[in-house]
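Student: Shown below is the structure under consideration.
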Amino acid sequence: VGSLLARRLGYVFFDTGMMYRAFTWKVLKSGISIEDEQKLCQLANTTKFDFVPLQGCCLSPLIDDEDVSSKLLRPEVEEQVSLTSKIAGVRQILILEQRSLAQQGKIVMAGRDIGTVVLPWAELKIFLTASTEERARRRYKELLARGENSSLEIVLADLKKRDELDIHRTIS
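Pasting the structure below:
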(Lines of atoms letter the chains of each structure in order from A and count residues from 1; the text may use other names and numbers.)
(Lines give C-alpha, C1' and ligand atoms only; values in the text may rest on other atoms or scores of the structure.)
Protein backbone atom coordinates (compact mmCIF):
# COMPACT_ATOMS: atom_id res chain seq x y z
CA VAL A 1 0.00 0.00 0.00
CA GLY A 2 2.81 2.41 0.90
CA SER A 3 4.67 1.85 -2.35
CA LEU A 4 1.46 2.35 -4.35
CA LEU A 5 0.75 5.60 -2.51
CA ALA A 6 4.30 6.81 -3.11
CA ARG A 7 4.09 5.98 -6.80
CA ARG A 8 0.79 7.87 -7.15
CA LEU A 9 2.17 10.92 -5.37
CA GLY A 10 5.47 10.86 -7.24
CA TYR A 11 7.31 10.19 -3.97
CA VAL A 12 9.79 7.50 -3.01
CA PHE A 13 8.92 4.66 -0.64
CA PHE A 14 11.07 3.25 2.12
CA ASP A 15 10.31 0.35 4.45
CA THR A 16 12.45 0.89 7.54
CA GLY A 17 12.32 -2.83 8.29
CA MET A 18 14.62 -3.32 5.30
CA MET A 19 17.20 -1.11 7.00
CA TYR A 20 17.15 -3.32 10.09
CA ARG A 21 17.44 -6.36 7.85
CA ALA A 22 20.40 -4.84 6.02
CA PHE A 23 22.15 -4.14 9.30
CA THR A 24 21.34 -7.66 10.54
CA TRP A 25 22.92 -9.08 7.38
CA LYS A 26 26.07 -7.05 8.11
CA VAL A 27 26.11 -8.33 11.70
CA LEU A 28 25.88 -11.93 10.50
CA LYS A 29 28.61 -11.34 7.92
CA SER A 30 30.87 -9.73 10.56
CA GLY A 31 30.72 -12.69 12.93
CA ILE A 32 29.88 -10.47 15.90
CA SER A 33 27.66 -12.21 18.44
CA ILE A 34 24.05 -11.02 18.48
CA GLU A 35 24.38 -10.86 22.28
CA ASP A 36 27.31 -8.41 22.21
CA GLU A 37 25.34 -5.16 22.32
CA GLN A 38 28.41 -2.94 22.69
CA LYS A 39 30.07 -4.31 19.55
CA LEU A 40 26.78 -4.17 17.64
CA CYS A 41 26.39 -0.50 18.54
CA GLN A 42 29.97 0.17 17.43
CA LEU A 43 29.26 -1.66 14.17
CA ALA A 44 26.09 0.38 13.59
CA ASN A 45 27.99 3.58 14.32
CA THR A 46 30.66 2.79 11.72
CA THR A 47 28.29 1.50 9.05
CA LYS A 48 27.65 3.68 6.03
CA PHE A 49 23.95 3.65 5.12
CA ASP A 50 22.80 4.85 1.70
CA PHE A 51 19.58 4.39 -0.20
CA VAL A 52 19.06 3.73 -3.89
CA PRO A 53 15.95 3.39 -6.03
CA LEU A 54 14.89 -0.20 -6.59
CA GLN A 55 11.82 -1.18 -8.60
CA GLY A 56 10.78 2.32 -9.50
CA CYS A 57 9.88 4.38 -6.45
CA CYS A 58 11.08 1.97 -3.74
CA LEU A 59 14.36 2.68 -1.96
CA SER A 60 16.71 -0.10 -1.00
CA PRO A 61 19.45 0.26 1.60
CA LEU A 62 23.11 0.05 0.67
CA ILE A 63 25.48 -1.03 3.41
CA ASP A 64 28.99 0.36 3.04
CA ASP A 65 28.28 0.99 -0.68
CA GLU A 66 27.13 -2.62 -1.22
CA ASP A 67 23.69 -3.47 -2.59
CA VAL A 68 22.36 -6.05 -0.15
CA SER A 69 18.75 -6.11 -1.39
CA SER A 70 18.99 -9.76 -2.48
CA LYS A 71 20.05 -10.79 1.03
CA LEU A 72 17.34 -9.11 3.09
CA LEU A 73 14.77 -11.91 3.01
CA ARG A 74 17.18 -14.77 3.64
CA PRO A 75 16.17 -17.13 6.47
CA GLU A 76 19.25 -16.32 8.56
CA VAL A 77 18.39 -12.62 8.43
CA GLU A 78 14.72 -13.38 9.11
CA GLU A 79 15.67 -15.32 12.24
CA GLN A 80 17.88 -12.59 13.73
CA VAL A 81 16.38 -9.24 12.71
CA SER A 82 14.15 -8.95 15.79
CA LEU A 83 17.18 -9.52 18.01
CA THR A 84 19.31 -6.78 16.45
CA SER A 85 16.40 -4.34 16.19
CA LYS A 86 15.66 -4.47 19.92
CA ILE A 87 19.07 -3.06 20.89
CA ALA A 88 18.57 0.55 22.01
CA GLY A 89 21.91 1.85 20.72
CA VAL A 90 21.41 0.25 17.31
CA ARG A 91 17.88 1.66 17.09
CA GLN A 92 19.11 5.17 17.97
CA ILE A 93 21.65 5.11 15.16
CA LEU A 94 19.23 3.71 12.58
CA ILE A 95 16.51 6.16 13.63
CA LEU A 96 18.91 9.06 12.98
CA GLU A 97 19.56 7.63 9.50
CA GLN A 98 15.80 7.30 8.89
CA ARG A 99 15.19 10.89 9.99
CA SER A 100 17.96 12.10 7.70
CA LEU A 101 16.37 10.25 4.80
CA ALA A 102 12.94 11.72 5.61
CA GLN A 103 14.35 15.26 5.64
CA GLN A 104 15.14 14.90 1.96
CA GLY A 105 11.37 15.17 1.41
CA LYS A 106 8.77 13.53 -0.78
CA ILE A 107 8.89 10.16 0.93
CA VAL A 108 6.40 7.62 2.22
CA MET A 109 7.91 5.58 5.05
CA ALA A 110 6.61 2.31 6.42
CA GLY A 111 7.52 0.90 9.79
CA ARG A 112 5.99 0.09 13.15
CA ASP A 113 7.27 3.20 14.90
CA ILE A 114 7.47 5.82 12.14
CA GLY A 115 4.66 8.01 13.47
CA THR A 116 5.48 7.63 17.16
CA VAL A 117 9.28 7.48 17.40
CA VAL A 118 11.01 8.20 14.10
CA LEU A 119 8.88 11.10 12.84
CA PRO A 120 6.42 12.03 15.60
CA TRP A 121 6.22 15.57 14.15
CA ALA A 122 5.33 14.37 10.63
CA GLU A 123 2.79 16.51 8.85
CA LEU A 124 0.71 13.50 7.85
CA LYS A 125 0.64 10.12 9.57
CA ILE A 126 -1.47 7.18 8.45
CA PHE A 127 -1.45 3.95 10.39
CA LEU A 128 -2.48 0.87 8.43
CA THR A 129 -1.99 -2.76 9.25
CA ALA A 130 -2.77 -5.96 7.40
CA SER A 131 -3.62 -9.30 8.93
CA THR A 132 -0.74 -11.62 9.70
CA GLU A 133 -2.04 -14.00 7.05
CA GLU A 134 -2.09 -11.29 4.37
CA ARG A 135 1.39 -10.12 5.29
CA ALA A 136 2.62 -13.72 5.12
CA ARG A 137 1.08 -14.13 1.65
CA ARG A 138 2.83 -10.97 0.46
CA ARG A 139 6.18 -12.05 1.90
CA TYR A 140 5.77 -15.53 0.40
CA LYS A 141 5.18 -13.97 -3.03
CA GLU A 142 8.32 -11.84 -2.59
CA LEU A 143 10.35 -14.92 -1.74
CA LEU A 144 9.03 -16.82 -4.75
CA ALA A 145 9.78 -13.85 -7.01
CA ARG A 146 13.38 -13.95 -5.76
CA GLY A 147 13.60 -17.66 -6.49
CA GLU A 148 13.83 -18.65 -2.83
CA ASN A 149 12.33 -21.86 -1.51
CA SER A 150 9.89 -21.68 1.35
CA SER A 151 6.30 -22.52 2.19
CA LEU A 152 3.46 -20.23 3.17
CA GLU A 153 3.19 -22.08 6.49
CA ILE A 154 6.85 -21.44 7.35
CA VAL A 155 6.60 -17.78 6.35
CA LEU A 156 3.47 -17.38 8.48
CA ALA A 157 5.08 -19.05 11.50
CA ASP A 158 8.21 -16.89 11.17
CA LEU A 159 6.13 -13.74 10.87
CA LYS A 160 4.07 -14.60 13.96
CA LYS A 161 7.25 -15.27 15.93
CA ARG A 162 8.84 -11.98 14.84
CA ASP A 163 5.62 -10.06 15.57
CA GLU A 164 5.57 -11.52 19.08
CA LEU A 165 9.16 -10.43 19.68
CA ASP A 166 8.55 -6.97 18.23
CA ILE A 167 5.33 -6.38 20.16
CA HIS A 168 6.95 -7.24 23.48
CA ARG A 169 10.20 -5.37 22.88
CA THR A 170 10.78 -2.77 25.59
CA ILE A 171 11.91 0.00 23.23
CA SER A 172 9.98 1.43 20.27
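Counting in full-length UniProt numbering, the final residue of the sequence shown is number 172, and the numbers go up one at a time with none missing.
All C-beta atoms, glycine included, are put in the ideal place defined by N, C-alpha and C.
Could you name each continuous beta strand (DSSP E) segment of 3 residues or more that falls completely within the region 56-113, going from the start of the chain to the end?
Tutor: Here the runs fully enclosed are 58-63 and 107-110.
Student: In terms of residues, what are the limits of the alpha helix (DSSP H) holding Leu40?
Tutor: Here residue 40 refers to the residue found at position 40 when the sequence shown is read from its first residue. Run containing Leu40: Glu37 to Thr46, per the alpha helix (DSSP H) assignment.
Student: Name the two residues that bound the continuous alpha helix (DSSP H) containing Leu128.
Tutor: Here residue 128 refers to the residue found at position 128 of the sequence shown. From DSSP, Leu128 is part of no alpha helix (DSSP H); its letter is neither H nor E.
Student: What whole-angstrom Cβ distance do Val81 and Thr24 have, given they're in contact under 8 Å?
Tutor: The residue given as residue 81 occupies position 81 in the sequence shown. The residue given as residue 24 occupies position 24 in the sequence shown. Rounded, the Cβ-Cβ distance is 5 Å, consistent with contact.
Student: Taking C-alpha atoms, which residue in Leu119, Leu54, Leu152 and Ala22 lies nearest to Arg74?
Tutor: On the sequence shown, position 74 is the one that residue 74 refers to. Considering only alpha carbons, the answer is Ala22.
Student: Using the rule of at least 16 other Cβ atoms within 10 Å of the residue's Cβ for burial, across every protein chain shown, is Ile114 buried or exposed?
Tutor: Here the question's residue 114 lines up with position 114 in the sequence shown. Ile114 is buried by the Cβ-count criterion.
Student: Ignoring anything shorter than 3 residues, give me the beta strand (DSSP E) runs that lie fully in the region 140-167, in order along the chain.
Tutor: Fully enclosed beta strand (DSSP E) runs of 3 or longer: not present.
Student: Should Phe127 go down as buried or exposed, given a rule of 16 or more other Cβ atoms within 10 Å for buried?
Tutor: As a first step, residue 127 is located in the sequence shown; it is residue number 127 there, counting from the start. With fewer than 16 Cβ atoms within 10 Å of its Cβ, Phe127 is classed as exposed.
Student: Could you tell me the distance, in whole angstroms, from the CA atom of Leu5 to the CA atom of Ile107?
Tutor: As a position in the sequence shown, residue 5 is number 5, starting the count at 1. As a position in the sequence shown, residue 107 is number 107, starting the count at 1. Approximately 10 Å, taken between the alpha carbons.
Student: Start and end of the beta strand (DSSP E) containing Val52?
Tutor: Here residue 52 corresponds to residue number 52 of the sequence shown, with the count starting at 1. Val52 -> beta strand (DSSP E) spans Phe49 to Leu54.
Student: Within 8 Å, do at least three Cβ pairs link the region 133-151 to the region 30-46?
Tutor: These segments do not touch.
Student: Assuming contact is defined by CB atoms lying nearer than 9 Å, are Phe14 and Leu59 in contact in what I supplied?
Tutor: As a position in the sequence shown, residue 14 is number 14, starting the count at 1. As a position in the sequence shown, residue 59 is number 59, starting the count at 1. In this structure, Leu59 lies closer than 9 Å to Phe14 by Cβ.
Student: Can you grab the Cα-Cα spacing for the pair Thr129 / Met109, in whole Å?
Tutor: As a position in the sequence shown, residue 129 is number 129, starting the count at 1. As a position in the sequence shown, residue 109 is number 109, starting the count at 1. Distance between the alpha carbons of Thr129 and Met109: 14 Å.
Student: With distances taken Cα to Cα, identify the nearest neighbour of Thr16 among Gln103, Arg137, Pro120 and Glu97.
Tutor: The residue given as residue 16 occupies position 16 in the sequence shown. Checked all of Gln103, Arg137, Pro120 and Glu97; the closest Cα to Thr16 is Glu97.
Student: Out of Asn149, Pro120 and Asp64, which one is the CA nearest neighbour of Met19?
Tutor: Here residue 19 refers to the residue found at position 19 when the sequence shown is read from its first residue. Ranking Asn149, Pro120 and Asp64 by Cα distance to Met19 puts Asp64 first.
Student: Report the rounded CA-to-CA distance for Leu124 versus Thr116, giving the unit in angstroms.
Tutor: As a working note, residue 124 is residue 124 in the sequence shown. As a working note, residue 116 is residue 116 in the sequence shown. If you take the alpha carbons of Leu124 and Thr116, they lie about 12 Å apart.
Student: Between which two residues does the beta strand (DSSP E) containing Val12 stretch?
Tutor: As a first step, residue 12 must be located in the sequence shown, where it is residue number 12. Note, Val12: beta strand (DSSP E), Val12 to Asp15.
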